[in-house]
Amino acid sequence: MSLHLALLLCLAMATVLAQPHARASDLYYTDITPVTDDSRFTTLNPTAQLSELNKVKHSKGNIVFTAGERISGDRLVVNHYDDESFATAVDIEVLMSYPAGSSTGVTLTCIEIYVDTTASDAGGYLTRGGIGATTAEILLTSNLTRSFVYETFFYGY
Ligand SMILES: *[C@@H]1O[C@H](CO)[C@@H](O)[C@H](O)[C@H]1NC(C)=O
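If you use mature numbering (1 follows the signal peptide of the UniProt record, and there is no 0), the sequence shown corresponds to residues -18 to -1, 1 to 139, in order.
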């Protein structure tokens, strides 16, 4: 690893570590779960309104989903990472819900989700709440993938 990259990584880690309020425990999340057409979120919740997150594809399977933007005075309130591999290509879903329990009183300003999938595409949707609200429910999907990795950052004040 180059010194430059090592320094960048250190900076990134220090930024996360310096945020004492960033807890994954405030987030409810499902495992990276294989689904079929019968068990998809949209099948089980036919009336749910899915609102697409902003999506930037950096390369095949390397995608960043965002909503809102950082404002002065906000802070990292959730940092959560998960990864899973499968023996065959499967359709997967992840459902995340903030907060996990009773209200934290935090108003969300910015959501960033970094996704890496062996499939060529993934979906990221708000299914409830979002920026300016104190709750957010997010659905991640990827079809016919052998592995799925994501890291979530929620900011708020
Ligand atoms: C995955 O497949 C389902 C069912 O065919 C489709 O509704 C959905 O849009 C697909 N998701 C993505 C991210 O392509």
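Every residue gets a Cβ at the ideal spot worked out from N, C-alpha and C, and that includes glycine.
Round the Cβ separation of residue i and residue j to the nearest angstrom and send it over; I've been treating them as touching at under 8 Å.
i: Pro28; j: Phe68; result: Their Cβ separation, rounded to whole angstroms, is 27 Å, which puts Pro28 and Phe68 out of contact at 8 Å.
i: Leu122; j: Glu75; result: 7 Å
i: Glu77; j: Phe23; result: Rather than Glu, the amino acid found at residue 77 in this sequence is Leu. Right, the Cβ-Cβ distance comes to about 7 Å (below 8 Å), so this counts as a contact.
i: Ala49; j: Asn36; result: 6 Å
Straight-line CA distance for residue i to residue j?
i: Asp19; j: Leu26; result: 10 Å
i: Thr86; j: Val72; result: 35 Å
i: Ala101; j: Phe130; result: 9 Å
i: Tyr11; j: Thr134; result: 11 Å
i: Tyr132; j: Ile14; result: 10 Å
i: Leu90; j: Ser124; result: 25 Å
i: Gly43; j: Tyr80; result: 26 Å
i: Val88; j: Thr117; result: 8 Å
i: Ile93; j: Leu9; result: 13 Å
i: Gly105; j: Asp56; result: 27 Å
i: Ala115; j: Tyr139; result: 11 Å
i: Val127; j: Thr99; result: It should be pointed out that residue 127 corresponds to Thr in this sequence rather than to Val. Near 7 Å, if we compare the C-alpha coordinates of Thr99 and Thr127.
i: Arg110; j: Ile95; result: 16 Å
i: Ser21; j: Val38; result: 27 Å
Along the chain, where does the alpha helix (DSSP H) that runs through residue i open and close?
i: Thr18; result: First-last for Thr18: undefined, no H or E at that position.
i: Thr25; result: 23 to 26
The beta strand (DSSP E) with residue i in it runs from where to where?
i: Ser7; result: Run containing Ser7: none; DSSP gives neither H nor E here.
Give me the pocket residues for ligand 1, defined as CB within less than 5 Å of any heavy atom, sorted by chain position.
Gly105, Thr123, Asn125
Could I get the ranges of all uninterrupted beta strand (DSSP E) runs contained in the region 46 to 123, with 3 residues as the minimum, in chain order?
57 to 80, 90 to 99, 105 to 111
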